[in-house]
Amino acid sequence: MKKFVDRIASDDSCGWSGGFDLVLGNPPWDTLSPDAKEFFSRYDERVRFQSKGEQEITLSAMLQDVSIATAWAQNRRNLFATAFFLKESGRYTLFAPGNLGKGDFNVYRMFVELALRSVRDGGRAAQIVPEGLYSGANSMALRKKLFDSFRLDWLLGFENAKEIWFTSVDSRTKFTLYSAFRGGHTEEFRAAFCIRSPDELRAIMAEASMKLPVAMVREFSPDALAVMEFCGQRDIDIARKMYQHAPPLGLQIPGTPRREFLRELESGHVQELLTEDSSCLPHYEGRMIEQYDHRAKGYCSGRARSAVWAELPFGSADKGIKPQWYVPRDKIPAQARLRVDQYRAGFCDVASPTNERTLVATIIPPQSIAGDKVPTVLMRSPNPTADLLLWLAIANSFTMDFLVRMKVSLKMALTILDSLPFLRLSPDDARAKRLTAAALRLVCTGPEMIGLWNLMAAQGLVSEVSLEGPVPGIIDAEQRQNAIAEIEAEVAILYGLTAEDVAYIMETFLTVKRRDIAAHGDYRTKYLILDRYDRMQQAIIAGQPYETALDQPPSDARVAHPTRGPGVA
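Each residue of the sequence shown is one higher than the one before, starting from 764 at the first, in this note's numbering.
As structure tokens, this is what we get:
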């Protein structure tokens, strides 16, 4: 065995002269990152079930034991040393560049690279690994290798629904099986995703798979080369239309808005900064926001997993910003000090294609700070507030969510957002004005949002309102649904989608459909959107401007008063 290993190590080109005919594997799915919960649970099983704050107290007590502290330090040292060796040894080179390479150090990637190097020309490598192989940004270099130097034959994506594949493993877990021949390059490959049963797998192997062109992968994800989880040709056709009508958000185009992401409060800072002092800035958690709603839930009692949160519907006398924690202004991290005084968009970092909606965003008001799970967005442009509201309308649409679900597993990564096709419209474009005005009406539902309303009033989009008067946004549920339907129809048309495409997209949101049927007896959301779509198309065919059902803006921007109130975006 030693002679065999020495022979592999002597040749950097393919492991050794010749290589294996076949390399099969199911490598470890671990990461080389210290896992406090896993390590300390061997000393106290309660750690697995405690909140982050409770864990820190328990761990602090355990670390008073010199033997445990020494073992923990050694565990961390071993992990960091191993990761450093793998990166610097020269034996492994397929690491994603720049920001794409950030995140956990996945062990399986080393085994994939080893398999690709160890197989002979014409030989086959096949392994079962986490779904990050086809979608994770840090596996970009592996995908490039498979496309450029191999003939990728199969890429099958599995979901552990009802623990059908692995018992006692999270049912949301996804993994993939790839099979590739060394030599040449890949023009297209057979693929199938979300395989949830042996029967589905048998059907796919009996020619029910898709053939995905690599050129399309490069078109949809030019930087990360991420493979989207298409379910069929219709998915591909819709995605292609969207990318033909708009470039990726992360692509900087001179003269168009530039997005700026920020995690205002990194997870490592949280515990030492949080306080119950309500005179400090409210700390936004993901559960507090829903689409177009910055006050969706309010904290009631308890902590961590035992925390109780209440739904805060529109029209409720209790609706307001009610966080679990606050952050003193003098403890805000330097990078967020200017941002917390601005209106900015915030979206939920935790996401899943099985949730009712996957990309969930709203406007976060000034005098608040967003936690680690609510990254925020600003736009840099001559008209940043209007551009931000336009981004929000598009991001919250079913059309965009449809595309997002084919890219997301459990996290709304910034690299995924950057890969999405976002429309660049001039703020003077009538369609942009309609979208911006509708989004404005949906988010300005609390007194802290009147400043945002009056910022847009200064541009003639709406009429200015008093800071002491009633909120100007839409609170009535039916009116909100109508406004959202107009946004949905407008966005679909801008992306070149047909009414049949819209109907198909809506049928993929099963939770929304079931909720509507339970409440109304039919799929109300879908039918409203299709009705607005037809009206807009009729206006386009007739060459007439679309008459929105929402309140009209002033006819002349010169009638608007100077803006008042907090927040400058």
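For each residue, glycine too, the CB sits at the ideal point set by N, CA and C.
As the structure is a prediction and not an experimental result, all values here were calculated from the model.
For residue i, which residues of its own chain have a beta-carbon under 6 Å away from its beta-carbon, when the five flanking residues on both sides are left out?
i	result
D784	G886
K1289	M1269
F910	T949, V977
S796	D867
K1276	Y1286
G895	S902
R839	P797
P790	Y871, F874
If you draw a straight line from the C-alpha of residue i to the C-alpha of residue j, how long is it?
i	j	result
S1042	A1070	21 Å
R1068	Q1007	44 Å
L879	R945	7 Å
A1200	P1011	24 Å
F812	L1173	20 Å
G781	F913	16 Å
A1312	Q1300	15 Å
E819	M825	10 Å
G1083	R1058	6 Å
A1248	A1266	13 Å
Q1098	L1036	15 Å
D1093	E982	45 Å
K865	S1160	29 Å
A1133	V829	37 Å
F1110	G853	39 Å
A772	Y871	Bear in mind that the predicted position of A772 carries a pLDDT of just 44, short of 50, making it unreliable; the figure below should be weighed with that in mind. Roughly 20 Å separates the two Cα atoms.
R906	I927	28 Å
K1196	Q1222	11 Å
P1096	Q1015	27 Å
S984	I1127	29 Å
F938	M1169	14 Å
D884	E876	15 Å
T794	Y855	16 Å
G1306	I1256	15 Å
Using a Cβ-Cβ cutoff of less than 7 Å, which residues in the same chain neighbour residue i once the five nearest sequence positions on both sides are dropped?
i	result
V786	A878, S881, V882, A888
P1308	A1193, A1302
L1260	I1001, K1004, T1162
D1181	P1011, L1012, G1013
I831	Y806, M825
K908	L857, L879
A987	L863, A900, M903, T1178, S1182
A834	none
R1321	Note that R1321 has pLDDT 34, beneath the 50 cutoff, so the model's placement of it is unreliable and the number below is only indicative. Taken in chain order, the list of residues that qualify is empty.
Once the 5 residues before and after residue i are set aside, which same chain residues still bring their CB inside 8 Å of it?
i	result
F745	Residue coverage of the chain in this structure runs from 764 to 1332, which leaves residue 745 outside it and unanswerable.
V1228	I1213, W1216, N1217, A1220, P1235
L822	A799, F803, V810
D1081	G1061, A1073, L1075
T1117	R935
R1102	L1025, E1027, T1139, L1141
C1207	I1213, L1215, W1216, V1234, P1235, G1236
Do residue i and residue j have their C-beta atoms within less than 8 Å of each other?
i	j	result
I1250	A1156	yes
A969	L919	no
I958	F921	yes
P1045	S1115	no
V932	L1028	no
L1205	N1245	no
R1003	K974	no
L964	Y941	no
V1113	K1136	yes
R1295	A1262	no
L1153	L1203	no
T1274	E1119	yes
Y1258	A1009	yes
Consider the C-beta atom of residue i and the heavy atoms of the ligand MG; say whether any pair is separated by less than 7 Å.
i	result
L1122	Among the components of this structure there are no ligands whatsoever, and the ligand MG is therefore not found.
Measure how close the beta-carbons of residue i and residue j come, nearest whole angstrom, since I'm counting them as under 8 Å.
i	j	result
F874	G788	6 Å
E1053	P1086	At roughly 15 Å, the Cβ-Cβ gap does not stay under 8 Å, so E1053 and P1086 are not in contact.
P1333	F1272	With the chain running from 764 to 1332 in the structure shown, residue 1333 is simply not present.
Kindly say whether residue i, judged by its beta-carbon, lies nearer than 8 Å to any beta-carbon of chain D.
i	result
S1064	Structure shown: chain D not included; a single protein chain is present.
Could you tell me whether the stretch 841–858 touches the stretch 884–895, where touching means 3 or more Cβ pairs closer than 8 Å?
no
Is it true that the stretch 1136–1145 meets the stretch 1009–1023, where meeting means three or more beta-carbon pairs spaced less than 8 Å apart?
yes
Determine, using beta-carbon pairs with one atom in the stretch 1237–1246 and one in the stretch 1075–1086, whether at least three such pairs fall under 8 Å.
yes
So does the stretch 1111–1125 actually touch the stretch 1157–1165, counting three or more Cβ pairs closer than 8 Å?
yes
Quick test of the definition: if touching needs 3 or more C-beta pairs under 8 Å, does the stretch 1184–1198 touch the stretch 991–999?
no
Between the stretch 894–902 and the stretch 852–869, are three or more C-beta pairs nearer than 8 Å?
yes
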